[in-house]
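Structure first, commentary second.
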Amino acid sequence: MKIAVLPGDGIGTEIVAEAVKVLQALDLSFEMESAPVGGAAYEAHGHPLPESTLKLAQQADAVLFGAVGDWKYDKLERALRPEQAILGLRKHMGLFANFRPAICYPELVGASTLKPEVISGLDILIIRELTGDIYFGQPRGRRTAADGHFPGADEAFDTMRYSKPEIERIAHVAFQAARKRSKKVTSVDKANVLETFQFWKDVVTEVHAQYPDVELEHMYVDNAAMQLVRAPKKFDVVVTGNMFGDILSDEASMLTGSIGMLPSASLNASNQGLYEPSHGSAPDIAGKGVANPLATILSAAMMLRFSLNQAQAADRIEAAVKAVLAQGLRTPDIHSEGTTKVGTAEMGAAVVKALR
Ligand code: IPM
Ligand code: MG
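Residue numbers for the sequence shown, in my numbering: 13 to 368.
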């Protein structure tokens, strides 16, 4: 089992180090190789996704990814910014299916800004299409407007587009995931305004005919954003496009108390995957040893389950994370009165100990 380890920037290096320790504490043999990515790779090789890093990722069974980005790179041309590394990996590896579970652990009910009764017991799965939509649609750019409201003015434009096969394959992923859960899918669109998402809705409906045992509901994205904070437990599997999924998954993270708890998996058609915490590189707390490593540790568990066929080891890690929460250990992002505040390394060590 070959794992490419790409820690990246900011807190990425600290949290990935803890996940690696957890993996090493399992009695499995992995081949792990690290490479720079994002701003770190730009510093070392002049590009956020160097050829050597991409090759390592493509040849691995799975990629364990930290986070990329730092304000200091905001002035670089877009192609050289750290975010291009993750977008490039998604595109070149064909990682079209992004799983973002949002689970509210009983111990963390108080850490959310929402009322306990709204979120306690929450367990939803957002499935975000990850390689299409306005993120990758061509053409895009800047130009002088030939028509529109202000002909002759400078303008910028992006292209929202989805092909039928792209929608079909993510719809299949969602219906199949729903079969293993409570058999309900909410497809989120903006069919009342956008051609792309009327088409999305039509294609999802068509694929649904193959899954008569699964309930399908359609919801506009603005309403979905509202329902997510109003009554999030009404959702189970949510499937949506790249941009809506980006926004809704950040919103959903807050239902769980902290974005520091949320893992994610991005898979391609051959189950090769990239696993990363849902949060970013948090440059403001980088190097301070206070970042929450649990999202990355839980991402390593998803990696074992989805790409490495080691479901038992994944269960063990998830049980160990629950155990450290039950022990009252909390990094600052999830700390509350009556619990024990710990740093990144202490939290990682506690998970390793709970594994044994
Ligand atoms: C995410 C992030 C990325 C995205 C950025 C870093 C490009 O926000 O994974 O949700 O927009 O997809
Ligand atoms: Mg995002």
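Cβ atoms here follow ideal geometry from the backbone N, Cα and C, with glycine treated the same way. Since the structure is predicted, the reported quantities are computational estimates derived from the model, not experimental observations.
Exclusion of the five residues before and after Ala332 leaves Val363, Ala366, Leu367 as the residues of its chain whose Cβ lies within less than 6 Å of its Cβ. Rounded to whole angstroms, the Cβ separation of Gly51 and Gly81 is 7 Å, and the two are in contact under 8 Å.
Ala79: member of the beta strand (DSSP E) spanning 74-79, first to last residue. In the DSSP secondary-structure assignment, Tyr174 is not bridged to any residue. Between the alpha carbons of Ile146 and Thr171 lies a distance of about 5 Å.
Using a 10 angstroms sphere on the CB of Trp212, the tally of other CB atoms reaches 16 or more, which defines it as buried.
Between Arg112 and Ser290 a beta carbon distance of about 6 Å is seen, short of the 8 Å cut, so the two are scored as contacting.
According to the DSSP assignment, Met273 belongs to no beta strand (DSSP E), since it is labelled neither H nor E. Judged by DSSP secondary structure, Pro19 falls within the beta strand (DSSP E) whose first and last residues are 14-20. Leu286 is bridged by DSSP to Val75, Ser278. Distances taken from the Cβ of Asp234 to the heavy atoms of the ligand MG include none shorter than 8 Å. By the 16-neighbour rule on beta-carbons within 10 angstroms, Arg342 is buried. For the ligand IPM, no non-hydrogen atom lies closer than 8 Å to the CB of Asp86.
Those residues whose C-beta sits under 5 Å from the nearest heavy atom of the ligand IPM are, from N- to C-terminal order along the chain, Glu95, Asp258.
Bounds of any alpha helix (DSSP H) do not take in Tyr232; it lies within the beta strand (DSSP E) bounded by 227-232. Scanning its chain for C-beta atoms nearer than 7 Å, with the 5 sequence neighbours on each side dropped, one finds around Leu320 the residues Met13, Asp73, Ala74, in chain order. Annotation: the continuous beta strand (DSSP E) that includes Ala109 extends over 109-115.
For Val28, the enclosing alpha helix (DSSP H) covers residues 24-37. Distances from the CA of Gly106 to each of Ala323, Glu55, Ser282, Arg317 were compared; the closest alpha carbon is that of Ser282. In this structure, Ser261 has its CB closer than 8 Å to one or more heavy atoms of the ligand MG.
With respect to the C-alpha of Gln339, the residue from Met359, Ala323, Gly285 having the closest C-alpha is Met359. By the 16-neighbour rule on beta-carbons within 10 angstroms, Gln322 is buried. Taking the Cβ atoms as the reference, Pro305 lies roughly 5 Å from Thr356, within the contact range of under 8 Å. Closest in C-alpha terms to Lys67, from the list Ser41, Leu18, Ser278, Asp39, comes Leu18. In the DSSP assignment, Met44 falls outside any alpha helix (DSSP H) and within the unbroken beta strand (DSSP E) covering 43-46. When beta bridges are read from the DSSP output, Glu63 appears opposite no residue. In this structure, the straight-line span from the alpha carbon of Lys84 to that of Asp225 is close to 50 Å. The beta carbons of Lys353 and Pro344 sit about 6 Å from each other, so the pair counts as a contact at 8 Å.
Beta-bridge partners assigned by DSSP to Asp262: none are found. Annotated three-state conformation of Asp248 is coil, per DSSP. Rounded to whole angstroms, the gap between the alpha carbons of Thr252 and Ala237 is 12 Å. Pro48 is the residue among Pro48, Asp201, Gly160, Lys246 whose C-alpha sits nearest the C-alpha of Gly20.
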